[in-house]
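Report on the following structure.
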Amino acid sequence: MTLLSIEDLRMVFNTEDGVVKALNGVEFDVENGETFSLVGETGCGKSVTMFSILRILPSSARMLGGRVLFWDKGLSKTLKKNNPVDLSSLSNREMLKVRGAKIALITQDPQSSLDPLYPIEDQISEVLELHRNMGPKEAHSEVLNLLEQVQLAPPERIARKYPHELSGGQRQRVVIAMALAARPPLIIADEPTTNLDVTIQEKVLDLMQELKRKFNTSLLLITHDLAVVAEVADRVAIMYAGNIVEAAPVEELFEHPLHPYTKGLLAAIPSITERKENMDYIPGSVPNLIYPPSGCRFHPRCRYAKSNCSQERPMLKKVSGKHKVACYYWREADAA
Amino acid sequence: MAHNTLNYVIKKLLIAVVVLIGVYTIVFLLCFMMPGDPVRASMGLRADPEAIRLQRQLFGLDQPRYVQYFDYISNFVRGDWGLSFKYEQQPVFDLIMQRLPKTAYLGLWAIIFCVATAIPLGIAASYKQNTAVDGTAVFISQIGVSIPNFWLGIMLIVIFAVVLGWVSPVPEVTGETLWSFPGFFTSLKPYALAIVTLGTGMMASVTKMLREEMLEVSRQDYITLLRAKGLSERSVQLKHALRNAMIPVVTIIGLQLLILVSGAVLTETVFGINGLGRLYIDAVIQRDWFVIMGTTILFAMAVVIVNLVVDLVYMLIDPRVKLR
Amino acid sequence: MLPEEERMYELEKRKRRRANLKISLHFAVGAALLVLLKIFLVNRETIPQWGPRLLALGGYLALWYLLSEFLYREWARTNYPDKLNPVKRFVDRFYKNKLATFGLFLVLTIAMIAIFADDIAIYPYEYDAAWQEFSELPPAIEHPFGTLASGEDLFSRVVYGARISLYLGVGVTLISSLIGLLMGVTAGYYGKTVDRSLHYINDVVMAFPFLVLVLVLVGALRANESLNNAFALIAVVMGLDVRLTVAFFVLALVNWTALFRVVRSKVLSLRELGYVEAARSCGAKPRTLIFRHLIPNSIPPVIIIATLAVGSVILTEAGLSYLGMGAELGTPSWGRLLSDAEGYVSQIRYFPLVFFPGLAILLTVFGFTTMGDGLRDAIDPRMKT
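Protein chains in written order, with my numbering: chain E, 22 to 357; chain H, 34 to 357; chain R, 493 to 877.
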């Protein structure tokens, strides 16, 4: 059952240097109970997508089109059940009930993601008081419970501490606890382990998976690290310069990538076992989104590109089962 | 924990005392150790030598310098701050206490004016960044920082006292009235121009600072996360952003005291207020050394005490400063 | 680098150096010609009428601008042929800030007025007793701002006042910046006792409210006869009156505190970067480290603070002169002009006397303040949301 469905999302930013066409028709969906990963290089628009879902965007952002459909019983009281709500059409006040309660966020940098002036307990209680209407006593015990769930011990002591008194890994767990506090059906995690030590990364990932099962939430994992994807995700979507270029279940993507960009990404991962003189890389560089390439935005760097690639953007088409590609010549690329 | 806090406070106090000793030494050096005779300088070159000798004895200036150094400070703490040359040998302490109420009144209201104007302005400017409100606020604060204090006073006098005639240019309120009830509030009208003059520079600095800090804070990750938690924008700004931004701003407000004293000298001159500032500048021009000593040390003491208080307040409001 | 590449690089370097030398030579010749032009053609003797003289001056300045613009283009073309000119990028960033650009315009205007004061002022600097009969006149064409009690034309005095303000502003800031820079680098580099003692001195100086400290020092120095005589001599050399000279030195001696703090913290943060230790372990002498690394890296914040400092020095000097502890009668300091005009406050007829000198201060300081803030934003580009 689908939980979240992004349809043809188009988003631009009005900056001093020009109009940045950040999202060019993004589409994917997240199923109930799965871990869906959105992968791409820096600047491809994955963070923008995430902020567009939550509608936390700077004033220079303008949505040109598309829908962000969300299935949740609590939201569509007036409509029949199983009818989704378009988050992009909600008023800001209505979105306040969605953020944190229905869709929660785990941010990237544990150093600066907690307000330094408030102790841990207050920061988690904020969510509880806001979305679960808990009084101080109830909130206090729930906070301790949550801290235990994220394996921060002893909970009493941690609750009283301030953010600067905790390590990066501990702070990230607090952020996870805050995200879970209101029992949201969907959690968006933005590069949750990138800024952590490698040894801690493993632990935090494991924790997230376990909690996802326990609390029965779905996870939208945004990352540029393919290793994390391989370990944790059920399905993946590859994003390039504001478009989804390929989407598939994880094993299938790694075993049988179809889009030239995906192939380039996977080939560029250095392997311990192989011996190579030169590293494989994708020629060219990420395009400037103020003056993006016409048609398929990858065509300047693609060796299979033909004339129609620069004219009209290929749409995501189903190739087999749950595998979709946005490319006219994937068969040629596959044969090579 | 408390033990460490106490240590910290004591350490700061000791530093403050040492700094004050340094201040006193410098002032003493300047006033009394310059070659040349202070009494003679203030009495004029043509004064009778016998009269000069008597005066010197009276003021204790016939003692060797280092004795004077210690004498002065031991007298000082006992409340004897010497005698004024020019005001018929009135005790300096009395003179200062006489003039203090007016300056204190002016200073207090100037700070209130500053805080009451700058905080809303700073918040509004950062909230509506890059709009007309922000641009105006920046422009006004830049002018406020660049305008000569005394010229602003003169212009205000011309507009409100001369042309419009709403107030008289010189506020004629006694010290007792100022600090009594309801004099405390009714004196605002005659003092209004002076308060605005003195407070504008401070207001502009604080506005600039607050706006910058608010912008800096809103760039932080935790603001994004707070919004993602479902907090209303108002909550985010007031409960979180403002509290964080205010921390450095509080220290700035404390440091404005420095500017306050300098500004008071100019403001009181423009408006003809007989406060400490006026006393000070007159003393400097007339070389009334004991008065200069007394007021300078008083000013420096005030600055050091305010800095100490600011440090302590900082410790209270910023949990990151709690010492291990 | 391969030997062929190295040879190519050397050739390039030599070519560029020769081209740069040629440009400098062109500039020197052009500048010399323009200076001669000024001495012989564009001055009060050759063009006694104010209007035409101002026009000639405008044309003259245009020539200077053309010369600089042409040579800049040449320089950019030789040194940055691929158009990724860091100077240009910085300048572009600065110009985006309209307020700062306006500030720069103000500063340049005041500087031009100060430099060419002899041509811009309607009446010359030296007092002419014949002016006395024109005392206290309202604004007219010959006296756009009116006249003072002594008969001097206010407009001309305000124009000459620009010289005083900039002389003091820039002069004091240069000296105190040097002091602050050296002290800050020393404190930051040597640390421990040196740092603590310098920091203590800084704290003591900062414990005085600024004006109070300056007043005490000026008063003390003037009270001392022998020092006073020494300053009289210096005053003649500097071309100012005695009291203003004393104020100059006092300000220069006292204004370094802000800079000291900033430089010291910059040096400390540079030390944390690690390359200081690395260099030291390679045997680098302290002097090399200080002059080649620490000081150049501390320059950007120094420039910003110095620009802002000029503004605050001008304000302080104006305040001092207003209180009677700065410029003496006759020196056209703006603050002094305001204090001379005090008696005329209640008479609206003489409003120009109290208005224009203060306005001049405001515009000048405003220019430096906005320019300084603009520099800070341009050097430190933080991403605007």
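Think of the CB as a built atom: it goes at the ideal place given N, C-alpha and C, for glycine as much as any other residue.
- The DSSP-derived three-state label of D107(E) is strand.
- Taking the Cα positions, L248(H) is about 33 Å away from L167(E).
- For M32(E), DSSP records a beta bridge to L44(E) and M84(E).
- Beta-carbon to beta-carbon, T136(H) and G305(H) are separated by about 13 Å, too far to satisfy the 8 Å threshold.
- With fewer than 16 other Cβ atoms from the protein chains shown falling within 10 Å of its own Cβ, H185(E) counts as exposed.
- Checking the DSSP bridge columns, you'll see M260(E) partnered with I265(E).
- Minimum Cα-Cα distance from Y261(E) among the listed residues V307(E), D255(E) and E276(E) corresponds to V307(E).
- The segment 223-230 of chain H makes contact with the segment 203-210 of chain H, as at least three CB pairs between them are under 8 Å.
- When the Cα atoms are used, F860(R) and R772(R) turn out to be separated by approximately 39 Å.
- When rounded, the separation of the alpha-carbon atoms in P701(R) and D620(R) is 41 Å.
- The C-alpha of N182(H) is placed about 26 Å away from the C-alpha of L713(R).
- Taking 9 Å as the upper bound on Cβ-Cβ separation, chain H lies near residues Y692, I693, D695, V696, V697, M698, A699, F700, P701 and F702 of the segment 682-702 of chain R.
- By the 16-neighbour rule on beta-carbons within 10 angstroms, I59(H) is buried.
- Put simply, the segment 720-735 of chain R does not touch the segment 684-691 of chain R. Fewer than three CB pairs are less than 8 Å apart.
- Interface with chain E (8 Å Cβ-Cβ cutoff): N277(H) is included.
- For I853(R), the enclosing alpha helix (DSSP H) covers residues F843 to I871.
- DSSP, read as helix, strand or coil, puts I48(H) in helix.
- Note that the C-beta distance between S648(R) and I614(R) is below 8 Å.
- The count of Cβ pairs closer than 8 Å, one atom from the segment 255-268 of chain H and one from the segment 161-177 of chain H, stays below three, leaving the stretches out of contact.
- Counting of Cβ neighbours within 10 angstroms places M500(R) among the exposed residues, the total staying below 16.
- In this structure, E834(R) keeps its C-beta atom at 8 Å or more from the C-beta atom of S657(R).
- Pairing M199(E) with I124(E) gives a Cβ-Cβ distance that is not under 8 Å.
- Only buried fits Q222(E), as 16 or more other CB atoms lie within 10 angstroms of its CB.
- With a contact defined as Cβ atoms closer than 8 Å, G342(E) and C330(E) miss out at about 26 Å.
- When DSSP states are grouped into helix, strand and coil, L658(R) belongs to the helix group.
- D227(E) is classed as exposed because its beta carbon has fewer than 16 other beta carbons within 10 Å across all chains shown.
- Cβ proximity to chain H below 7 Å picks out nothing from the segment 548-569 of chain R.
- Judged by their CB atoms, I795(R) and L867(R) are nearer to each other than the 8 Å cut-off.
- Taken atom to atom, the span from the alpha-carbon of L732(R) to that of S825(R) is near 11 Å.
- In the three-state DSSP reduction, E52(E) falls in the strand class (E or B).
- F700(R) carries a coil assignment under DSSP once its states are collapsed to helix, strand and coil.
- Interface annotation, M863(R): not in contact with chain H, CB-CB separation never under 8 Å.
- By the criterion of a C-beta distance shorter than 8 Å, I77(E) is surrounded in its chain by R120, once the five residues flanking it on both sides are discounted.
- A direct Cα-to-Cα measurement between M71(E) and R31(E) gives close to 13 Å.
- Secondary structure remark: continuous alpha helix (DSSP H) runs of at least 4 residues inside the segment 138-183 of chain E, in chain order: 141-152, 157-170 and 176-181.
- Proximity of chain H to R120(E) at the Cβ level (cut-off 9 Å) is accounted for by R260, A261, K262, G263 and L264, in chain order.
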